[in-house]
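A.B. asks: Pasting in a structure now, in structure tokens, and then I'll have a few things to ask.
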């Protein structure tokens with residue numbers, strides 16, 4: 197029995213936002229490891245373990261399109277929400293969209309499909325109640341049935357992902373992705389343990405495959 | 015084709031361009047300022063002085079020190095403060111011109127001060143360079159460790175006396191630039207120039223752990239943004255921040271990288287002098303609707319200019335020469351390449367060296383204090399040339415009045431109400447640009463916008479050649495994506511065998527309009543003015559009306575020239591033969607496009623042999639389809 201899982205995801209649109217282009221969104225060319233982790237967590241996750249994404253495979257050609265959407269500029273503060281909860285009424289707790297409108301453009305990916313290969317890292321390997329095998333089984337069963345806690349998404353919530361467990365051969369990337377492609381520094385994940393610190397890694401795509409380093413590897417941390 | 019393709023983001027690509035600008039000496043560096051350097055000590059890697067070079071310009075008595083970018087000198091008033099990597103001889107060498115008139119006590123004081131200065135210089139360099147991994151830094155430290163001020167007199171150089179009290183910089187033997195130009199040392203200096211309270215984090219451009227920029231640089235030069243400059247990266251509303259981060263922490267970019275990309279982008283958007291008519295020249299920029307498009311080539315050397323000039327022309331800019339260039343007798347070399355490309359030859363054959371250059375295209379549009387990225391494209395110059403040529407081929411229409419391929423801004427103007435650039439639909443320019451750059455399908459809105467303008471406008475420009483060309487381009491490219499065996503010249507000129515109802519109806523409309531013009535000379539409102547829109551949208555209602563009306567016109571023509579009337583009738587029946595008995599109730603957008611194309615082709619054929627004001631029907635009209643093939 198293998199240690200890892202393989203999941204194929206696809207969707208009509210995706211937006212893996214570059215952190216520097218977050219307001220007028222520009223997507224990375226490929227899926228980020230943190231987005232892949234989010235998809236796996238949507239299917240199965242328990243506090244006892246974390247998902248470690250090892251490899252990402254891009255299956256379809258990389259195509260972009262631009263959309264413009266009306267959004268809002270401010271947030272409802274959590275303090276106001278707390279106050280409302282204590283007061284027992286939502287009086288004054290509102291965000292008037294027509295006073296706060298902002299139009300934001302987004303350059304998003306079209307028609308995407310990826311294969312995520314990941315493994316489970318137990319927080320406490322010595323604990324006999326939480327063997328890796330059990331969690332892998334649960335994941336595989338849920339993925340086969342299409343079960344999830346919330347619908348997995350491709351970067352942002354509005355772009356829903358379709359997922360399918362891969363049990364036989366891995367699908368092959370399309371022809372135009374063959375060769376080596378340097379993707380520059382890509383967002384790896386957020387280190388929640390160190391105060392939501394963003395981490396980046398040097399990403400290279402070889403024949404459609406990106407190897408993802410672990411969070412504590414030397415290329416990522418100083 | 016290079017083995018490794020690259021998919022950088024805009025900031026990383028701009029930062030790389032900045033690095034190349036600095037290597038050429040074209041760009042300011044944070045922490046650097048202009049300084050006057052007179053002499054240079056050339057060191058070998060062990061720290062021994064190999065030579066002393068005179069950097070002064072001018073000759074004879076008028077020698078003046080050369081102005082170079084060097085680490086900024088700290089403000090020096092009374093106290094002893096050392097510069098970094100260069101300074102005057104009292105600091106660098108511990109020697110100064112002796113004042114022979116002075117008494118003993120002041121002379122001793124001066125000597126003590128010089129010694130203190132030299133000591134300060136040594137300490138400062140050690141502080142900066144210890145632990146740095148650079149040959150030049152190590153050489154300087156070795157030099158300072160071994161140097162004694164007395165050794166100055168034994169330096170093997172004719173400038174020994176002249177050197178005193180001048181500014182001295184350093185150079186590593188074999189380097190072209192100064193010691194302070196070396197990348198590692200420059201980064202150290204820039205790192206020190208960073209704001210003291212900046213947090214250190216991983217930079218998303220370089221991956222290194224450096225102080226993070228809080229407020230990104232302002233980009234000037236995008237028309238429509240606020241005067242003070244807009245920011246490419248900014249988080250100025252609460253909804254834009256995540257994970258509780260504030261401002262620049264949302265997208266950690268080191269101060270060095272931020273300075274770099276800001277400088278590079280501002281330089282790209284800046285104008286480069288004025289042409290002979292006083293209009294500003296933009297070498298790396300073209301305006302498409304509201305999207306200011308910056309483009310550049312990633313390479314070094316003289317061919318970069320030629321490549322960027324070619325890109326500018328491919329995007330529709332004219333090859334501009336500044337006053338200085340015209341005086342110097344330069345011709346636009348890139349114009350020659352462009353002529354070859356327009357003739358249809360591939361860039362690989364015309365200028366093979368330019369083919370593999372990597373190019374970047376960044377479309378920006380203003381949004382008050384922010385800049386929005388319309389599109390971002392990375393590719394090769396050869397690919398760009400090929401795709402632009404395919405775009406021209408898709409646009410190609412006959413008969414044509416164009417002498418050369420239309421630039422994108424000209425096409426976009428045809429889509430705007432009253433031809434005003436500010437009326438161009440905002441998203442359209444970016445999407446069309448993307449389809450040209452990548453060779454992908456044109457946006458559907460190109461089709462609908464062109465049709466809308468055709469319906470809305472009246473008069474001569476209603477069915478302007480460029481509008482019909484754009485309709486044809488959208489339809490042809492869509493067809494080719496569905497089935498790659500579409501003929502190369504599909505819909506370029508009149509196609510007598512095409513049976514699509516929209517196309518045939520358009521042709522029929524053109525014949526009927528011609529008949530009306532023949533019958534009523536100088537008609538005020540032709541059927542085109544009154545019925546074009548409804549005929550193309552709902553043929554079933556309009557065509558029976560028109561066909562009744564055309565009989566009257568034909569009878570009038572028959573009275574004057576019966577032969578001509580027969581020709582018109584034959585033309586109409588040829589077209590209607592290919593139509594089914596029931597007219598379509600409505601035509602969808604694509605068919606309306608074909609209607610316009612059919613109309614245009616037929617009209618072109620009808621007036622092809624205009625002889626002194628009298629419209630004559632072209633022979634091809636009345637030929638049978640077999641004969642038409644041969645012609």
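Protein chains in written order, with the working numbering: chain A, 197 to 418; chain B, 15 to 645. Just so it is clear, CB atoms sit at the ideal spot from N, CA and C, and this is done for glycine as well.
(1) Would you list, in chain order, the members of the segment 298 to 312 of chain B that have their beta-carbon closer than 9 Å to a beta-carbon of chain A?
(2) In its own chain, which residues sit with a C-beta less than 7 Å from the C-beta of residue 204/B, not counting the 5 before and 5 after it?
(3) Whose CA, out of 364/B, 390/B, 417/B and 524/B, lies closest to the CA of residue 399/B?
(4) Helix, strand or coil, according to DSSP, for residue 262/A in the structure here?
(5) Terminal residues of the continuous beta strand (DSSP E) containing residue 362/A?
(6) State yes or no: is the beta carbon of residue 239/B nearer than 7 Å to at least one beta carbon in chain A?
(7) Excluding sequence positions up to five away, which residues of its chain have a Cβ less than 6 Å from the Cβ of residue 612/B?
(8) For residue 459/B, would you say it is in contact with chain A, using Cβ-to-Cβ distances shorter than 7 Å as the test?
(9) May I ask you to verify whether the segment 425 to 438 of chain B touches the segment 474 to 481 of chain B, counting CB pairs closer than 8 Å and requiring at least 3?
(10) Out of curiosity, what's the CA-to-CA distance linking residue 559/B and residue 566/B?
(11) In the structure shown, what three-state DSSP assignment does residue 318/A receive?
(12) Listing by chain order, which chain B residues have their CB less than 9 Å from the CB of residue 264/A?
(13) Can you pull the chain B neighbours of residue 270/A, defined as C-beta to C-beta under 8 Å?
(14) State buried or exposed for residue 266/A, treating a residue as buried only when at least 16 other CB atoms are found within 10 Å of its CB.
(15) Less than 7 Å between CB atoms is the rule here; does residue 301/A satisfy it with respect to chain B?
(16) Mind checking whether residue 397/A and residue 416/A have CB atoms under 7 Å apart?
(17) According to the neighbour-count rule (16 or more other Cβ atoms, all chains shown, within 10 Å of its Cβ), is residue 624/B buried or exposed?
(18) Using a C-beta to C-beta distance shorter than 8 Å, which residues of chain B count as neighbours of residue 297/A?
(19) For a contact meaning CB atoms closer than 9 Å, what does residue 248/B contact in chain A?
(20) Since residue 406/B sits in a beta bridge, which residues does DSSP pair it with?
(21) In the structure shown, what three-state DSSP assignment does residue 240/A receive?
(22) Find the nearest neighbour of residue 293/A within the set 309/A, 270/A and 310/A, judged by alpha-carbon distance.
(23) Is it right to say residue 587/B is buried, meaning 16 or more other beta carbons lie within 10 angstroms of its own, or is it exposed?
(24) Identify every residue that forms a DSSP beta bridge with residue 223/A.
(25) Using three-state DSSP, classify residue 377/B as helix, strand or coil.
(26) Expressed to the nearest angstrom, what Euclidean distance is found between the alpha-carbon atoms of residue 380/A and residue 26/B?
(27) Residues of chain A with CB closer than 7 Å to the CB of residue 498/B, please, in chain order.
(28) Please classify residue 598/B: does DSSP put it in a helix, a strand, or coil?
(29) Let me make sure I understand the geometry here. Which of 273/B, 180/B, 83/B and 286/B has the alpha-carbon closest to that of residue 67/B?
(30) Residue 6/B versus chain A: which residues are under 7 Å apart at the beta carbon?
(31) At the level of alpha carbons, what is the spacing between residue 405/A and residue 252/A?
(32) Apart from the five residues just before and just after residue 387/B, which ones in its own chain have a Cβ nearer than 8 Å to its Cβ?
(33) Helix, strand or coil for residue 386/B per DSSP?
(34) Chain B partners of residue 377/A, CB-CB under 9 Å?
(35) Since residue 420/B is in the alpha helix (DSSP H), which residue starts that stretch and which ends it?
(36) Counting C-beta neighbours from all protein chains within 10 Å, is the total for residue 477/B 16 or more, i.e. buried, or is it exposed?
C.D. replies: On the basis of the data shown:
(1) Correct list: empty, as no residue qualifies.
(2) 43, 44, 45 and 270
(3) 364/B
(4) strand
(5) No beta strand (DSSP E) contains residue 362/A, which DSSP labels as neither H nor E.
(6) no
(7) 517, 520 and 521
(8) For residue 459/B, the closest Cβ of chain A is not nearer than 7 Å.
(9) With a cut-off of 8 Å, the segment 474 to 481 of chain B and the segment 425 to 438 of chain B count as touching, because enough Cβ pairs lie within range.
(10) 12 Å
(11) Three-state DSSP puts residue 318/A in a strand.
(12) Neighbours of residue 264/A in chain B, taken as residues whose beta carbon is under 9 Å from its own, are 386, 440 and 441 in chain order.
(13) 251, 252 and 253
(14) Residue burial is scored here from C-beta neighbours: residue 266/A has fewer than 16 other C-beta atoms within 10 angstroms and is therefore classed as exposed.
(15) yes
(16) Contact: yes.
(17) Unreliable placement is indicated for residue 624/B, whose pLDDT of 47 sits below 50; no coordinate value is reported for it.
(18) Taking the beta carbon of residue 297/A as reference, no residue of chain B falls within 8 Å; the closest one sits roughly 11 Å away.
(19) Neighbours of residue 248/B on chain A, chain order: 219.
(20) DSSP, once it has assigned bridges, lists no residue as partnering residue 406/B.
(21) The three-state secondary structure of residue 240/A, taken from DSSP, is coil.
(22) For residue 293/A, the closest alpha carbon among the candidates 309/A, 270/A and 310/A is that of 270/A.
(23) exposed
(24) 213/A
(25) strand
(26) 7 Å
(27) Here the premise fails: no neighbours, minimum Cβ distance about 15 Å.
(28) coil
(29) It is 180/B whose Cα lies nearest to the Cα of residue 67/B.
(30) This structure does not reach residue 6/B, given that chain B is present from 15 up to 645, and the question cannot be answered.
(31) 6 Å
(32) 24, 246, 376, 377 and 378
(33) strand
(34) 18, 19, 20 and 21
(35) Taken as a continuous stretch (DSSP letters only), residue 420/B belongs to no alpha helix (DSSP H), as it is neither H nor E.
(36) Its Cβ being crowded by 16 or more others within 10 Å, residue 477/B is buried.
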